[in-house]
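Asks: Chains as they are written, first to last, in the working numbering: chain A, 19 to 221; chain B, 690 to 1075.
Cβ coordinates follow ideal geometry from the N, Cα and C atoms, glycine included.
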Amino acid sequence: MKSINILIVVAIIAVTFSVVNLIVQFDDVMELTGFAIGNDSGTANVTIIGQASIEFTASTIDWGLGAVNEVPTSALLVTNGTVDGGNWSAVSTGLLLRNDGNTNVSVTLTSTVANDFIGGLSAVNLYQLLVSDTGAGEANSCDSNHLIMDTFTEVNGAEQNACTNFSYYDAQDLIEIDVLLRIPEDATPGLKSATITASATPL
Amino acid sequence: MIRFIFMFVIFIFLINICSALMVGPAKVEYNFESGFETIVGYSVSHINPDTEFELYVAGDLSEFVTLDKDKIIGTDSFMVMISLPQFIEKPGKHRILIGVKEKISDKEEEVSTAMIRTSVTIQAVIDIYVPYPGKYLEISLSSHNVNIGEPVNFKLEILSQGKEDVTVTPKIDIISDNKTIETLYFFEREIKSQEGINLKKMLDTTEYNPGVYSALAIVDYGKLAKSESIFNLGELIINLVNYTKQITIGGINSFDIEVESGWNNKIDGAYAEVFISNSLGDLLSFKTSPTSLEPWEKKTITGFFDTSNFTKGFYDANITFIYYGKDVGKSSSELVKIEFIEGKGNLQMILLITIGAILLLVILLIVIKKYWHRLVYLSIRNSRAQ
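1) Return the chain-ordered list of same chain residues with a C-beta closer than 7 Å to the C-beta of residue 34/A, the five sequence neighbours on each side being excluded.
2) Please state the DSSP three-state secondary structure of residue 49/A.
3) Check whether chain A comes within 8 Å of residue 713/B, counting only Cβ atoms and requiring the distance to be less than that.
4) What are the start and end residues of each continuous beta strand (DSSP E) run of 3 or more residues lying completely inside the stretch 955–1017 of chain B, in chain order?
5) For chain A, is any of its Cβ atoms less than 8 Å away from the one on residue 701/B?
6) As a quick exercise: from 747/B, 1020/B, 971/B, 952/B, pick the residue whose alpha carbon is nearest that of residue 901/B.
7) Starting from residue 718/B, find everything on chain A with Cβ-Cβ shorter than 8 Å and list it in chain order.
8) Using C-beta distances below 7 Å, list every residue in its chain close to residue 735/B, excluding the 5 sequence neighbours before and after it, in chain order.
9) Are the stretch 864–884 of chain B and the stretch 984–992 of chain B touching, with three or more C-beta to C-beta distances below 8 Å?
10) Would you call residue 49/A buried or exposed, if buried means 16 or more other Cβ atoms sit within 10 Å of its Cβ?
11) Quick check on residue 641/B - is its C-beta less than 8 Å from some C-beta in chain A?
12) By how many angstroms is the C-alpha of residue 732/B removed from the C-alpha of residue 885/B?
13) Start and end of the alpha helix (DSSP H) containing residue 133/A?
14) Which whole runs of the beta strand (DSSP E) in the stretch 810–840 of chain B are 3 residues long or more, in chain order?
15) Quick one: any contact between the stretch 777–787 of chain B and the stretch 739–759 of chain B, if contact means 3 or more CB pairs under 8 Å?
16) Suppose contacts are defined by Cβ-Cβ distances below 8 Å. Is residue 929/B in contact with residue 1017/B by that definition?
17) Among residues of its own chain, excluding the 5 on either side of residue 1061/B, which ones have a beta-carbon nearer than 7 Å to its beta-carbon?
18) Quick one, which of 161/A, 145/A, 114/A has its alpha-carbon nearest residue 155/A's?
19) Using a Cβ-Cβ cutoff of less than 6 Å, which residues in the same chain neighbour residue 812/B once the five nearest sequence positions on both sides are dropped?
20) Does the pairing of the stretch 890–905 of chain B with the stretch 836–844 of chain B give three or more beta-carbon distances under 8 Å?
21) So, using beta-carbon positions, are residue 876/B and residue 943/B closer together than 8 Å?
22) Checking contacts by CB at 8 Å: is residue 726/B closer than that to chain C?
23) Excluding sequence positions up to five away, which residues of its chain have a Cβ less than 8 Å from the Cβ of residue 996/B?
24) Cβ atoms of residue 198/A and residue 96/A: under 8 Å apart, would you say?
25) Of all the CB atoms in chain B, is at least one closer than 8 Å to the CB of residue 168/A?
26) Quick one: which residues of the stretch 810–830 of chain B get their C-beta closer than 7 Å to a C-beta of chain A? List them in chain order.
27) Please determine, among 80/A, 185/A, 167/A, 184/A, the residue with the shortest C-alpha to C-alpha distance to residue 177/A.
28) Rounded to whole angstroms, what's the CA-CA distance from residue 721/B to residue 882/B? Just pull it up for me.
29) Taking all protein chains shown into account, decide if residue 858/B is buried (16 or more other Cβ within 10 angstroms of its Cβ) or exposed.
30) If residue 125/A sits next to residue 79/A, beta carbons under 8 Å apart, how far is it from one beta carbon to the other, in whole angstroms?
31) What runs of the beta strand (DSSP E), each 3 residues or longer, lie entirely inside the stretch 735–761 of chain B?
32) Let me check understanding here. Comparing Cα to Cα, which of 137/A, 120/A, 102/A lies closest to residue 187/A?
33) I think residue 715/B touches residue 68/A, with their Cβ atoms under 8 Å apart; what is that distance to the nearest whole Å?
34) Give the DSSP bridge partners of residue 921/B, in chain order.
35) Would you report the Cα separation of residue 775/B and residue 744/B, rounded to the nearest angstrom?
36) Using 8 Å as the threshold, is the C-beta distance between residue 919/B and residue 913/B below it?
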């Protein structure tokens, strides 16, 4: 009972303070009404600095655990949902790279070669990348004249041109990087991982 | 409450941290001067404050550039000191690259189970222009696609990269089918050595026809500097690029139509209605699924229809496109030929049935031959008994 009384007192003080404050503020606002006169003019200068910025909005691909079937002797994994000849989980979207700066850039991709990444018979293993601005990407992000990696291209361990003019315009600034792996049956077991480095250079 | 906090902590760990890296300024340019020295400040920002970045210098003239640090962590800044030599022999553009490379830490690598991981690198650009002897211009023309009636705004960048000043009167030729149909002239102006200017010119397209045009900028300074830019003048139209030319008879089949937008805006609710006919008249019609087309986009739309009642041969197909651009509806038609062919499936079926029938007949004959005498004997005995 005693605590309820204290709460009521506190509430009354708070309400009183709020009402007084409201009256004071209202008076101040009333005093400030009016409009500016005069013919002074000013110049506002603003310089926007060019910023290069790229971001992987989908930054990992994971097919999970799996093995190559007895027949055929290799498994094909593609980020369009294909898992052929193995029991890995399907992945239906590739990596997504966004140009969220304010300048067009050229993009190269670098990663490990199939022998080092997947292993197994080198005549069978494949590690390929394909870049597109359709599907999960945004149309016109990299037009056909500048899209270099427009078919699945084997990763060679060096910097490889992917798109020579990656747009920064909103709704035209997202490309998809699809990955294709062919895993031979003799690839050594264990967690296989590779890093794809996207390198952007302003135009 | 404790359960909520626990779930929140779990959620935080499930968030996929993206590797976003921003470096500025993206590009700086300097005209070469003997013994030129300057300091450029760079800012780096990254979503993750713990990410480490390697800094490096690459490209032309990298030996004349030093960094105040070789790595940074998270959002930070660094300085680039440029100290150029007294003389550079090779004229033209020399590009220095200032690299900011995301480093995947061993700690991160240990916990990552993903097969494919990513990292990003940004190479900011420093261009140094070394003047050519005498007069030398580099020009670059840019344009853009528009719809008929809308203006094309050309931008002409002229860089005087020679040691001498030049006086020029640039022009832009508008070319269609290898013929110059209009020329836009700029005022005469002087461009100082190592000066760069940006000029603008507008083309009125009211009297033009839709299509692909070439704009060729020509600047005469004793030599000719040229730069070409292609632009499209669009109209609200969908063009037929390709279609299914052969259809196998039997059941429900698909009919693909590859289309291309001829408009510089988005086209909505586009679909095709296909009317198939022959000399006897209209036989069948079907519609494809609707789609939208981005400016100048090529796309394949598909319709399905029953081919059971068709016989082998050529038919007429009237493909009518119906579409909307900026709430204006339009349609256009194309008359094409399609061929209906008999499927391999039917032939195989007929072949299998024939082989089966022959086999059955042979077995029947063998059985009859083997038991013929017994059958004759039994029938004679039965008749005698009666």
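Replies: Taking the coordinates as given:
1) Here the question's residue 34/A lines up with position 16 in the first sequence. No residues qualify anywhere along the chain.
2) As a first step, residue 49/A must be located in the first sequence, where it is residue number 31. Confidence at residue 49/A is low in this model, with a pLDDT of 41, below 50, so its placement is unreliable and the value that follows should be read with caution. Assignment of residue 49/A by DSSP, reduced to helix, strand and coil, places it in the helix class.
3) As a first step, residue 713/B is located in the second sequence; it is residue number 24 there, counting from the start. A Cβ of chain A is located within less than 8 Å of the beta carbon of residue 713/B.
4) List check, beta strand (DSSP E) in window: 956–967, 970–976, 980–982, 987–995, 1002–1014.
5) The residue labelled residue 701/B in the question sits at position 12 within the second sequence. Only weak support exists for where residue 701/B lies, its pLDDT of 31 falling under 50; the coordinates are left without a value.
6) Locating residue 901/B in the second sequence gives position 212, where the first residue counts as 1. Of the listed residues, the one whose Cα sits closest to residue 901/B is 952/B.
7) Translated into the one-based positions of the second sequence, residue 718/B becomes position 29. By Cβ distance, chain A contributes nothing, its closest Cβ being about 11 Å from residue 718/B, past 8 Å.
8) The residue labelled residue 735/B in the question sits at position 46 within the second sequence. Once the five neighbours on either side are set aside, the close Cβ partners of residue 735/B are 709, 710, 763, 764.
9) The answer is no - the stretch 984–992 of chain B does not touch the stretch 864–884 of chain B, with fewer than three Cβ pairs under 8 Å.
10) Residue mapping note: residue 49/A aligns to position 31 of the first sequence, counting from 1. In this prediction, residue 49/A scores a pLDDT of 41, lower than 50, which makes its location untrustworthy; no coordinate-derived value is stated.
11) For residue 641/B there is no data in the structure shown, the boundaries of chain B being 690 and 1075.
12) Residue numbering aside, residue 885/B sits at position 196 when the second sequence is read from its first letter. Residue numbering aside, residue 732/B sits at position 43 when the second sequence is read from its first letter. Rounded to the nearest whole angstrom, the CA to CA distance from residue 885/B to residue 732/B is 27 Å.
13) In the first sequence, counting from the first residue as 1, residue 133/A sits at position 115. In the DSSP annotation of this structure, the continuous segment of the alpha helix (DSSP H) that includes residue 133/A starts and ends at 132–135.
14) With a minimum length of 3 residues, the unbroken runs of beta strand (DSSP E) contained wholly in the stretch 810–840 of chain B fall at 826–831.
15) The stretch 777–787 of chain B makes contact with the stretch 739–759 of chain B, as at least three CB pairs between them are under 8 Å.
16) As a position in the second sequence, residue 929/B is number 240, starting the count at 1. As a position in the second sequence, residue 1017/B is number 328, starting the count at 1. No, Cβ-Cβ distance for residue 929/B and residue 1017/B is not below 8 Å.
17) Here residue 1061/B refers to the residue found at position 372 of the second sequence. Within its own chain, no residue has a Cβ closer than 7 Å to the Cβ of residue 1061/B once the five positions on either side in sequence are excluded.
18) The residue labelled residue 155/A in the question sits at position 137 within the first sequence. For residue 155/A, the nearest C-alpha among the options comes from 114/A.
19) Stepping through the second sequence from its first residue, residue 812/B is reached at position 123. Excluding sequence neighbours, residue 812/B sits near 786, 788.
20) Enough Cβ pairs lie closer than 8 Å, so yes.
21) Here residue 876/B refers to the residue found at position 187 when the second sequence is read from its first residue. Here residue 943/B refers to the residue found at position 254 when the second sequence is read from its first residue. The beta carbons of residue 876/B and residue 943/B sit no closer together than 8 Å.
22) Going by chain labels, chain C is absent from the structure shown, which instead holds the protein chains A and B.
23) As a first step, residue 996/B is located in the second sequence; it is residue number 307 there, counting from the start. Same-chain partners within the cutoff: 936, 937, 938, 939, 940, 941, 942, 1029.
24) In the first sequence, residue 96/A corresponds to position 78, counting from 1. In the first sequence, residue 198/A corresponds to position 180, counting from 1. Result yes, Cβ atoms of residue 96/A and residue 198/A sit closer than 8 Å.
25) Walking along the first sequence from the start, residue 168/A turns up at place 150. For residue 168/A, the answer is no, since every Cβ of chain B falls outside 8 Å of its Cβ.
26) Cβ contacts with chain A: 810, 811, 812, 813, 814.
27) Residue numbering aside, residue 177/A sits at position 159 when the first sequence is read from its first letter. Checked all of 80/A, 185/A, 167/A, 184/A; the closest Cα to residue 177/A is 167/A.
28) Here residue 721/B is taken as the residue at index 32 of the second sequence, counted from 1. Here residue 882/B is taken as the residue at index 193 of the second sequence, counted from 1. Rounded to whole angstroms, the gap between the alpha carbons of residue 721/B and residue 882/B is 12 Å.
29) As a first step, residue 858/B is located in the second sequence; it is residue number 169 there, counting from the start. Around the beta-carbon of residue 858/B, fewer than 16 other beta-carbon atoms lie within 10 Å, marking it exposed.
30) On the first sequence, residue 125/A is found 107 positions in, with the first residue counted as 1. On the first sequence, residue 79/A is found 61 positions in, with the first residue counted as 1. In fact, because the Cβ distance is near 18 Å, the residues do not count as touching under 8 Å.
31) The stretch 735–761 of chain B contains these whole beta strand (DSSP E) runs: 741–748, 754–756.
32) Translated into the one-based positions of the first sequence, residue 187/A becomes position 169. If you compare the alpha carbons of 137/A, 120/A, 102/A with that of residue 187/A, the shortest gap goes to 120/A.
33) Here the question's residue 715/B lines up with position 26 in the second sequence. Here the question's residue 68/A lines up with position 50 in the first sequence. Their Cβ separation, rounded to whole angstroms, is 4 Å, which keeps residue 715/B and residue 68/A in contact under 8 Å.
34) Working through the second sequence from its first residue, we reach residue 921/B at position 232. 901/B, per the DSSP bridge assignment.
35) Within the second sequence, the letter at position 86 stands for residue 775/B. Within the second sequence, the letter at position 55 stands for residue 744/B. When rounded, the distance between both Cα atoms is 27 Å.
36) Numbered from 1 along the second sequence, position 230 holds the residue referred to as residue 919/B. Numbered from 1 along the second sequence, position 224 holds the residue referred to as residue 913/B. Between residue 919/B and residue 913/B, the CB-CB gap reaches or exceeds 8 Å.
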